[in-house]
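From first to last, the protein sequence lines are chains A and B. Mapping of the first sequence onto the numbering used here: position 251 corresponds to residue 251, and the numbering continues sequentially without gaps. Counting the second sequence from 1 gives a position; the numbering used here is that position plus 1000. For reference, the structure is listed below as structure tokens.
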Amino acid sequence: MKYWWWKIAAIVIFCYVLLAGMLTPLKPGIQSIDNTKGILGEELVVGVTGYNSYFGSALQNRAFLKLSDDKVIETHQITERGDYKADLRFNLPDHLSTGKDVERATLIINNEVDGSLILPNAILLKKEDNTKPSDKQWGQFNVNELFKADRFRFPYRNQLNETIRNTFFHVAIWFAMFILLITALVYSIRYLITKDLLLDTKAAAFTSVAIVYGLIGLATGAVWAKFTWGAFWTADVKLNMAAISVLIYMAYWLLRSSIADVDARGRVSAAYNIFAFVIMIPLIFIIPRLTDSLHPGNGGNPALGGEDLDNTLRMIFYPSIIALSLLGVWMSNLTYRYQILVDNEIEE
Amino acid sequence: MKLKNEQKKVDLHLLNNNWSTQPKLMNVKFILTSFLISLPWLVKAESLDFLRSTGKIYSVVVVILILFILISAYLIRLDRKIRTLEEKNNNES
């Protein structure tokens, strides 16, 4: 029990991640609308398709078009067609009162079951030359009147949809890879200080599992990109730099296998390991932040905050990092023990 | 000493009946290559539509599969290396 409790912990936590990560539903959201243009002074009819929504079951549906907090209009009629479809009718005012002719409005649907469903910049409001005068006016927006739903659910993001769950696997495996690489770095530095060959073997074992994690990170990222960006691989800085980092660590293995002398191999590969880690930090963390990148967390594109990683996601995401790191340590441990056996064999 | 040798013989016998060495169809290489060959088919347009259905949930399943398959591949490789070591030890004694 003393030695393997953390292996059991890794399995239990990963099972929790799989169950909670796959079974928790998403918050309701607006999947699509069939009309994106509204002409001022006329009636606007929008057919809405919801995701995980309860339009039909809810008793108090309300819908709003919002330009800003003090420029809001409410629907005068909502026709629900089941839980997922609804037709909204707005009587638009004849002016935008900002002096502009065109502006994008946010669509908000609210009911007591779903809470608020928001689609930003949903409808383009346009002023025509022959706009009819209307006595409808923009009104105030009172947030306190709206219903709130505080159930444990993952956030609904347009375009991401259910793939937001990939955060627990794709992002967590990169975090786990960094933990393994930092461990390998510490062992390499300790080897250079003490010249104890066991430490060099440990560093090599941790690096080999970290490379596998890096390959998983690249492959899962490619699949996620296919379903959100539309291509498996793009010439994005973050993607290319991550691939280069994995290649640099693969060169670590080529280097190790090309030197026969044990002490020379230990010294050279330990020094190379420190170099590889130091070069990886700017490649993955600094250069992508200096330019534009589609990947979240780079080039003014925030990640790990806001709606992309809210507190419900964190309750699965952090355990996932712990579980995958423990699994990685376990696999590194097996590799290390095997390598010790091989080395003893050669000595005999 | 005699007992030990007998023990090793039993081990060898078990090894020879192992799934990864015996039947050709259940070969790890066969499974992995057939998976790789079927990949282009899996990502064809029609199957992509299936993967996109119900809010792209099946793309999450693909991601979990990739994670599981690559970790298993690493463990299988390690398993085989350990087995060759064991076989070498058994043959020497």
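Backbone N, C-alpha and C fix where the C-beta goes; we use that ideal spot for every residue, glycine too.
Could you tell me if residue i is buried or exposed, where buried requires 16 or more neighbouring beta carbons within 10 angstroms of its beta carbon?
i       : result
A:I390  : The first residue shown for chain A is 1 and the last is 348, placing residue 390 of chain A beyond what the model contains.
A:G230  : exposed
B:T1084 : exposed
A:W4    : exposed
A:F152  : exposed
A:I281  : exposed
A:L199  : buried
A:K27   : buried
A:W138  : buried
A:T201  : buried
A:K2    : exposed
A:P288  : buried
A:K238  : buried
A:W6    : exposed
B:S1034 : exposed
A:F154  : buried
A:E145  : exposed
Rounded to whole angstroms, what is the Cα-Cα separation between residue i and residue j?
i       : j       : result
A:Y338  : A:D83   : 58 Å
A:D351  : A:K127  : There is no way to answer for residue 351 of chain A, as the model of chain A reaches only from 1 to 348.
A:G38   : A:E74   : 14 Å
A:Q77   : A:R157  : 27 Å
A:R256  : A:G328  : 21 Å
A:F141  : A:V72   : 6 Å
A:T312  : A:V212  : 29 Å
A:T167  : A:F317  : 7 Å
A:L215  : B:I1071 : 10 Å
B:I1038 : A:V262  : At residue 1038 of chain B the sequence reads Ser, which differs from the Ile that was named. Cα-Cα distance, rounded: 42 Å.
A:I340  : A:S320  : 30 Å
A:F147  : A:N110  : 7 Å
B:L1025 : B:A1073 : Since pLDDT at B:L1025 reaches only 49, below the 50 mark, its modelled position is unreliable, and no value is offered.
A:I179  : A:V268  : 22 Å
A:N121  : B:L1065 : 36 Å
A:A270  : B:F1030 : 37 Å
Look at the Cβ atom of residue i, then the Cβ atom of residue j, and state whether they are nearer than 8 Å.
i       : j      : result
A:F14   : A:A323 : yes
A:L40   : A:L96  : yes
A:I284  : A:A242 : yes
A:L160  : A:G266 : no
A:T131  : A:D87  : no
A:A205  : A:T335 : yes
A:Y191  : A:A210 : no
A:L59   : A:L92  : no
A:G47   : A:N35  : yes
A:M315  : A:R165 : no
A:L117  : A:I33  : no
A:I274  : A:L185 : yes
A:F277  : A:L181 : yes
B:V1063 : A:H170 : yes
To the nearest whole angstrom, what separates the beta carbons of residue i and residue j, a pair I think is in contact under 8 Å?
i       : j      : result
B:L1036 : A:T220 : Between A:T220 and B:L1036 the Cβ distance is about 16 Å, and since that is not below 8 Å, they are no contact.
Residues of chain E with CB closer than 8 Å to the CB of residue i, please, in chain order.
i      : result
A:A219 : Annotation note: the requested chain E is absent from the structure, which comprises protein chains A and B.
**Every unbroken beta strand (DSSP E) within the region 24-69 of chain A, with a cutoff of 3 residues, ordered by chain** = 29-33, 37-39, 43-51, 62-68
**Message:** As an exercise, report each continuous alpha helix (DSSP H) stretch of at least 4 residues that is fully enclosed by the region 167-198 of chain A, in chain order.
**Reply:** 170-194
**Prompt:** Can you list, in chain order, the stretches of the alpha helix (DSSP H) that have 4 or more residues and sit fully within the region 61-134 of chain A?
**Reply:** none
**Request:** Please list the segments of the beta strand (DSSP E) lying wholly inside the region 221-287 of chain A, counting only runs of 3 or more residues, in order along the chain.
**Result:** none
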